[in-house]
Amino acid sequence: MIFHVLTIFPEFFQGPFEHGVVARAAKSALLQIRIHNLRNWTYDFHQTVDDRPFGGGEGMVLKPQPVFEAVESILPARDPARHRVALMSAQGPLWTQSAARRLSGYEEVVLICGRYEGVDERVSRFLADEEISIGEYVLSGGELAAAVVVDSVARLLPGVLGNEDSTRAESFSPLGAEDQAGILDCPHYTRPADFRGLCVPEVLLGGNHKAIAEWRREAALEKTRRLRPDLYERCLAAIEAARPKPGKRVSKRKKSDDHPVSPEGLQQEQKG
């Protein structure tokens, strides 16, 4: 998979992408990250990428020309099935684990990092496939959001993590086949079992894997209810919606079911 990050501050990413899972994925050639300086698609001496908003107002707005030309240069033969262009924006839908899984299915993804007062609306309307927000707050630019997106997607790529099953048990992963809302991860404990009188639940020490799995499921639900009641309600609604609806049951009993056969009659039927 290839991530293209379009930014006016390429040096910002020297830190986030040089450590941890992202660096390991890049070193293993499972992920490529290409940082593009938006100013390379400008034509004036000062490499201007922004201008004043029409109609007046505070701040500066990123111009559409360098953004359009950059994306068209990066993806000259854009294919909706293989390529995705996302604008980092506080106005976009909130970034979720399911969105990360969806984005991990593309071969190449372009992340456009906004700056200043925002990006010309024509970029979001006619160039980007989607907008992504990592929270209901405003950042100085889209670089932090882009780093979050890359990290959350990279760890979902096959072969990046030592144990791929670990991503299926994390927070916001589906509880089961009947639940697509996702819940928080269950509580985790390590040695010592007793720390200042704070003890690990006995069930985790017993070695009964079935009991441990049941405890973790219930503990995850309880943790979700306590910390994220909104997510808990969505989870319950998803489970309820997936349950089969009660309908009229059609009896398949034979006539003999209503009139039990005596042992003698049963023997006669068997002989017949």
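Last residue of the sequence shown: 1436 in my numbering, with the numbers rising by one and none dropped.
Note that CB positions come from ideal geometry on N, CA and C, so glycine has one too.
Beta carbon of residue i nearer than 7 angstroms to that of residue j
| i | j | result |
| --- | --- | --- |
| Pro1351 | Ala1311 | no |
| Ala1264 | Leu1320 | yes |
| Leu1275 | Val1169 | yes |
| Val1235 | Leu1267 | no |
| Lys1387 | Leu1362 | no |
| Leu1258 | Ser1297 | yes |
| Ile1172 | Gln1196 | no |
| Arg1203 | Gln1211 | yes |
| Tyr1270 | Arg1248 | yes |
| Pro1228 | Thr1206 | no |
| Leu1194 | Val1283 | no |
| Val1186 | Asp1293 | no |
| Val1302 | Ala1254 | yes |
| Asn1201 | Pro1240 | no |
Per-residue DSSP class, three states only, for residue i
| i | result |
| --- | --- |
| Ala1341 | Only weak support is given to the placement of Ala1341: the predicted model assigns it a pLDDT of 38, under 50, and the value that follows is read from those uncertain coordinates. Note: Ala1341 maps to coil in three-state DSSP. |
| Thr1171 | strand |
| Gly1370 | coil |
| Ala1184 | For the record, residue 1184 in the displayed sequence is Gly; it is not Ala. Helix at Gly1184. |
| Val1313 | helix |
| Arg1242 | coil |
| Arg1198 | strand |
| Val1302 | coil |
| Pro1424 | Any reading at Pro1424 is ruled out, since the residue's pLDDT is 46, under 50, leaving its predicted position unreliable. |
| Lys1419 | The predicted model places Lys1419 with a pLDDT of 46, which falls under 50 and marks its position as unreliable, so this point remains unresolved. |
| Asp1394 | helix |
| Thr1388 | helix |
| Leu1308 | helix |
| Arg1319 | coil |
| Gly1429 | Residue confidence is low: Gly1429 scores 47 on pLDDT, short of 50, so the model does not pin down where it sits. No coordinate-derived value is stated. |
Strand pairing of residue i, partner residues [DSSP]
| i | result |
| --- | --- |
| Leu1362 | Phe1359 |
| Met1252 | Cys1277, Ile1296 |
| Glu1272 | Ile1166, His1247 |
| Leu1258 | Ser1297 |
| Leu1226 | Asp1214, Val1283 |
8 angstroms contact criterion, which residue i and residue j should meet: CB distance rounded
| i | j | result |
| --- | --- | --- |
| Glu1281 | Ser1288 | Between Ser1288 and Glu1281 the Cβ distance is about 14 angstroms, and since that is not below 8 angstroms, they are no contact. |
| Val1273 | Ala1245 | At roughly 13 angstroms, the Cβ-Cβ gap does not stay under 8 angstroms, so Val1273 and Ala1245 are not in contact. |
| Gly1306 | Met1252 | 3 angstroms |
| Ala1357 | Val1364 | 5 angstroms |
| Ser1192 | Gly1278 | At roughly 31 angstroms, the Cβ-Cβ gap does not stay under 8 angstroms, so Ser1192 and Gly1278 are not in contact. |
| Val1184 | Gln1261 | The identity of residue 1184 in the sequence shown is Gly, whereas the question assumes Val. Contact flag wrong, Cβ pair sits at about 18 angstroms. |
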